[in-house]
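Novice: Numbering (UniProt numbering), first residue to last: 1 to 440.
Just so it is clear, CB atoms sit at the ideal spot from N, CA and C, and this is done for glycine as well.
Computed from a predicted structure; not experimentally measured.
(1) Could you pull out every residue in the same chain whose Cβ sits closer than 6 Å to the Cβ of residue 170, ignoring the five residues on either side in sequence?
(2) For residue 459, which residues of its own chain have a beta-carbon under 7 Å away from its beta-carbon, when the five flanking residues on both sides are left out?
(3) Mapping the DSSP letters down to three states, classify residue 214 as helix, strand or coil.
(4) Once you ignore the five residues that flank residue 266 on each side, which residues in its own chain have a CB closer than 7 Å to its CB?
(5) Tell me whether residue 17 sits in a helix, a strand or coil according to DSSP, three-state version.
(6) Alpha carbon to alpha carbon, what distance is there between residue 392 and residue 490?
(7) I'd like the list of long-range same chain contacts for residue 241, defined as Cβ closer than 6 Å, with 5 residues on each side in sequence excluded.
(8) Put residue 40 into one of helix, strand or coil per three-state DSSP.
(9) For residue 305, does the three-state DSSP call read helix, strand or coil?
(10) Please classify residue 33 as buried or exposed, where buried requires at least 16 neighbouring CB atoms within 10 angstroms.
(11) Nearest CA to the CA of residue 305: which residue from 291, 27 and 387?
(12) By a C-beta neighbour count over all protein chains shown, 10 Å radius and 16 as the cutoff for buried, is residue 397 buried or exposed?
(13) Going straight from the alpha carbon of residue 44 to that of residue 23, what length do you get?
(14) Take residue 228 and list the residues in its own chain whose beta-carbon comes closer than 6 Å to its own, dropping the five residues that flank it on each side.
(15) Tell me which residues share the same chain as residue 108 and place their Cβ nearer than 8 Å to its Cβ, disregarding the 5 neighbours each side in the sequence.
(16) So, are the CB atoms of residue 310 and residue 341 less than 8 Å apart?
(17) Mind listing, in chain order, the continuous alpha helix (DSSP H) runs of no fewer than 4 residues lying wholly within the region 317-377?
(18) Please classify residue 362 as buried or exposed, where buried requires at least 16 other C-beta atoms within 10 Å of its C-beta.
(19) How is the alpha helix (DSSP H) around residue 277 delimited, first residue to last?
(20) Consult DSSP for residue 45 and reduce its assignment to one of helix, strand or coil.
(21) For my contact list, residue 433 and residue 289 are in at a C-beta cut-off of 8 Å; report their separation, rounded to the angstrom.
(22) Measuring alpha carbon to alpha carbon, tell me which residue in 213, 274, 385 and 164 is nearest residue 374.
(23) For the candidate residues 253, 372 and 269, whose alpha-carbon lies nearest to that of residue 286?
(24) Around the C-beta of residue 404, are 16 or more other C-beta atoms found within 10 angstroms, so that it is buried, or is it exposed?
(25) Can you list, in chain order, the residues of its chain with a C-beta nearer than 7 Å to that of residue 188? Leave out the 5 residues immediately preceding and following it.
This is the structure:
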């Protein structure tokens, strides 16, 4: 680097790139001197650098053993900065992967957002492994750090980051939280979704109403402004502890809530649809649906094995040209059908109540359950028994069956009704919001 180049002032994009290189320990001696000169003569650059490196230092206090929180908690920000600026050190291996994408991210943020947003974004870009899907402005981060150096506030959109154990966390605004350890978080308010690998089993979310301990799951937590806390498990199980320490086990497809001012967790309705938006972005295997009508019409005289099939294409769009019966389409589910395989004709048949329609399976079709006819001493017509294919995989005459987890419930011989379901042989009432396909 020439002498004239050394005297150039760093600002804008150049300063952002230089800070990134400094964090990766990739600065040359000349670049290091140029950075020091800029900080010595430019007050705005110093202000930015102090906040940026302070955030970095605070995160290392949480995640990197070599930078002890207890050792540094009484030191001022300026003392920490002085150490980081004057000592040329190599970052830990944990951090090398986390900072690979920083130069490009800094360039984008300098041009597009304000100084305050820089601070919030810096927090999440330091969480290992790489985090590159931020969708928020953490406008309150600076004030939060003054009150509690680990507390963060999400005011807009959503953010995602990972803990050292591999747990992926997604938060939707408004949210207030603190990362309290390598595998734990306090959630005071907000919508949190967690995807927990085997290495993260034991991940803990502390809410105003109690503690949630993961047992290897995908789950969501919702805490409103009053402190009412709700939990929905999409896969696996979690343990819920109320404020008095009583433990409750919650399995996939179930939801519980603890209302502000009360102790216990109780079963509740499903939570926000925002959970599914997050989950579907992470995996195409997660399928969410809305079935407000919930009616499945089957053939009344059949004693054959019938199947409940999911169709990615809405039923009316797929089979509407075969029957124009408005009553059928006004009542039936959008994506689930009662089907059977005609062994004589070697064809699949969809039953829109009493209107059988031959069809050819497509790759996205999936059999969720089977229903078998059983004789009944109570009902002369007999009854239907439903068997789900959860974690039971295979192919039936060209259609795949089986799924990982779901909250689907199917009640045979019942028809949904505004005043309450009514008994009706060969019909089915379906309720649910999601299922998870087998991993490819």
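Specialist: Answer, in terms of the structure:
(1) Excluding sequence positions up to five before and after residue 170, its CB lies within less than 6 Å of the CB of 160, 193 and 278, all in the same chain and listed in chain order.
(2) Coverage of the chain is limited to positions 1 through 440, which leaves residue 459 absent and any answer about it impossible.
(3) The answer is strand: DSSP assigns residue 214 an E or B state.
(4) The answer, listed in chain order, is 256 and 257.
(5) Per DSSP, reduced to three states, the secondary structure at residue 17 is helical.
(6) The requested residue 490 does not occur in the structure, where the chain is confined to residues 1 to 440.
(7) 210, 211 and 247, listed in sequence order.
(8) Helix at residue 40.
(9) DSSP places residue 305 in coil when its eight states are reduced to three.
(10) Within a 10 Å sphere around the beta-carbon of residue 33 sit fewer than 16 other beta-carbons, which makes this residue exposed.
(11) Closest in alpha carbon position to residue 305, among 291, 27 and 387, is 387.
(12) With fewer than 16 other CB atoms across the displayed protein chains lying within 10 angstroms of its CB, residue 397 is exposed.
(13) Taken atom to atom, the span from the alpha-carbon of residue 44 to that of residue 23 is near 20 Å.
(14) Closer than 6 Å at Cβ, skipping near neighbours: 259 and 260.
(15) Residue confidence for residue 108 is low, a pLDDT of 45 falling below 50, so the modelled location carries little weight; the figure read from the coordinates is stated next. There are no such residues.
(16) Their beta carbons are not under 8 Å apart, which means residue 310 does not touch residue 341 by this criterion.
(17) Complete alpha helix (DSSP H) runs here, min 4: 326-331.
(18) Under this definition residue 362 is an exposed residue.
(19) Residues 274-282.
(20) Residue 45: helix per DSSP, three-state reduction.
(21) 7 Å between Cβ atoms; contact.
(22) Selected option, being the one with the closest Cα: 385.
(23) The residue with the shortest Cα to Cα distance from residue 286 is 253.
(24) Buried, because 16 or more other Cβ atoms sit within 10 Å of the Cβ of residue 404.
(25) The residues are 176, 177, 208 and 223.
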